[in-house]
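Novice: Numbering (my numbering), first residue to last: 42 to 380.
Ideal Cβ positions, reconstructed from N, Cα and C, are used throughout, including at glycine.
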């Protein structure tokens, strides 16, 4: 927990696990209603990052940073530099990058105070925009689910309803449109909707999207959107999107399973961003290497689906088992990251 009255910074860094390596996760800036809400978000997101890196086969742990504030009106150079100094106090046990409310230019400012930043622009020696690989990974996860649902991984002619149309959703939509899928999107931002229209995506209302008849429902906004209320509205065969912590509770994953809806665990298919960032840590960034690793999300998702089918369990539980097995194995050798 950190507070800097001079700059107005109130922030939290949560480190969930460093068994596999230094914790890595973005800095989110959001106008939380309370510190308790911000803390709960940081803890949930840091755990998701642990599982994400473990399932992806990366040597990274799980962490997350949150800044309490409105990124549109309260973000200043002084605040970001103060945040960088806070990150630096952890001595490399936490590596930060972008998330909701922060962009690449913010990382450049944070980098003035700490070296523990990943995802800087490629012109500065970093791996660049993480949303490009995140979008690719979600697309690969969708295709693996399509193979399970329909016997072939082609998405041509399939209807995809995207809840939220930020950067990640936009990159996912590029792949879907290239394969001649029918893409619909809803967002509260007019700018996002204008971008959707310019790409040929059909725009619908935010209240309409959860209950829309479609093949794939893709949550691409904030978490908790798959809950006991929204599950009743779903008219799809697959849930696969870019949002973190999509399930409001673990029980919601079981409910989807019992309803026969294939769920692509979010931490598994949206790992492209951290895979991309990991490709610059301790080595020269190679975009082709990052792409190859991201495309393997298809294989990981297929493995989870096979485990789910074989053991008659939800995909959410099967994905957790995949991540936990790797953590347990490596924990026998090293339990906490040290530089």
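(1) Indicate the three-state DSSP secondary structure (helix, strand or coil) for residue 357 in the structure shown.
(2) Span of the alpha helix (DSSP H) holding residue 50?
(3) Answer yes or no: do residue 201 and residue 261 have a C-beta to C-beta separation smaller than 8 Å?
(4) Answer with buried or exposed for residue 374, where buried requires no fewer than 16 other C-beta atoms within 10 angstroms of its C-beta.
(5) Closer than 6 Å by C-beta to residue 296: which residues in its own chain qualify, once you throw out the five before and the five after it? Chain order, please.
(6) Please state whether DSSP places residue 257 in a helix, a strand or coil.
(7) Excluding the 5 residues preceding and the 5 following residue 190 in the sequence, name in chain order all residues of the same chain whose CB lies nearer than 7 Å to its CB.
(8) Under a three-way DSSP split, which group does residue 202 fall into?
(9) By how many angstroms is the C-alpha of residue 265 removed from the C-alpha of residue 73?
(10) Identify the continuous alpha helix (DSSP H) that holds residue 339 and give its terminal residues.
(11) Measuring CB to CB, does residue 159 end up less than 8 Å from residue 169?
(12) Does the distance from the C-beta atom of residue 174 to that of residue 335 stay below 8 Å?
(13) What is the DSSP secondary structure of residue 239, counted as helix, strand or coil?
(14) For residue 171, which residues from the same chain have a beta carbon less than 7 Å from its beta carbon, with the 5 sequence-adjacent residues on both sides left out?
(15) Can you pull the DSSP bridge partners for residue 225?
(16) Ordered along the chain, which non-local residues of its own chain (more than five positions away) have a Cβ less than 7 Å from that of residue 115?
(17) Could you check where the beta strand (DSSP E) with residue 179 kicks off and where it finishes?
(18) Taking 8 Å as the threshold (C-beta atoms), are residue 368 and residue 89 in contact?
(19) If you measure from the CB of residue 371, is any heavy atom of the ligand PLP nearer than 7 Å?
(20) Along the chain, where does the alpha helix (DSSP H) containing residue 271 start, and where does it finish?
(21) Taking residue 42 and residue 56 to be in contact with their CB atoms under 8 Å, please state how far apart those CB atoms are, rounded to whole angstroms.
(22) Exposed or buried, residue 312, counting other C-beta atoms within 10 Å across all chains shown (16 or more means buried)?
(23) Short of 8 Å in beta carbon distance, which residues of its chain neighbour residue 117, apart from the five on each side in sequence? Order them along the chain.
(24) To the nearest angstrom, report how far apart residue 136 and residue 66 are at their CA atoms.
(25) Going by other Cβ atoms of all chains shown within 10 Å of its Cβ, with 16 needed for buried, is residue 299 buried or exposed?
(26) Buried or exposed: which applies to residue 292, given that a residue is buried once 16 or more other Cβ atoms fall within 10 Å of its Cβ?
(27) Restricting to Cα atoms, I'd like to know which of 84, 268, 226 is closest to residue 254.
(28) So what's residue 213 in DSSP terms, helix, strand or just coil?
Specialist: In this structure, then:
(1) Here residue 357 sits in helix by DSSP.
(2) It is not in any alpha helix (DSSP H) - residue 50 instead sits in the beta strand (DSSP E) that spans 50 to 58.
(3) 8 Å or more divides the Cβ of residue 201 from the Cβ of residue 261.
(4) Label assigned to residue 374: exposed.
(5) Cβ-Cβ distances below 6 Å link residue 296 to 272 in the same chain, with the five nearest sequence neighbours on each side left out; the list follows chain order.
(6) In this structure, residue 257 counts as strand in the three-state DSSP scheme.
(7) The residues are 278, 279, 303.
(8) DSSP places residue 202 in the strand class (E or B) of the three-state scheme.
(9) If I take the Cα positions, the gap works out to 15 Å.
(10) Segment 338 to 352, the alpha helix (DSSP H) holding residue 339.
(11) Result no, Cβ atoms of residue 159 and residue 169 do not sit closer than 8 Å.
(12) In this structure, residue 174 sits near residue 335, with a CB-CB distance shorter than 8 Å.
(13) Residue 239: helix per DSSP, three-state reduction.
(14) Contacts found: 138, 139, 160, 314, 317, 318.
(15) Residue pairing by DSSP places residue 225 opposite 202, 243 in a beta bridge.
(16) Hits under 7 Å: 49.
(17) Following the DSSP letters along the chain, one finds residue 179 in no beta strand (DSSP E) but inside the alpha helix (DSSP H) bounded by residues 171 to 191.
(18) Not a contact, by the Cβ cut-off of 8 Å.
(19) For the ligand PLP, the structure offers nothing, since it holds no ligand at all.
(20) Counted as a single uninterrupted DSSP element, the alpha helix (DSSP H) harbouring residue 271 occupies residues 271 to 274.
(21) In fact, because the Cβ distance is near 13 Å, the residues do not count as touching under 8 Å.
(22) By the 10 Å Cβ count, residue 312 comes out buried.
(23) Answer for residue 117: 48, 49, listed in chain order.
(24) Cα to Cα, residue 136 sits roughly 7 Å from residue 66.
(25) Residue environment for residue 299: exposed (fewer than 16 other C-beta atoms within 10 angstroms of its C-beta).
(26) Exposed, since its Cβ has fewer than 16 Cβ neighbours within 10 Å.
(27) Of the candidates 84, 268, 226, the one whose C-alpha sits nearest the C-alpha of residue 254 is 226.
(28) When DSSP states are grouped into helix, strand and coil, residue 213 belongs to the helix group.
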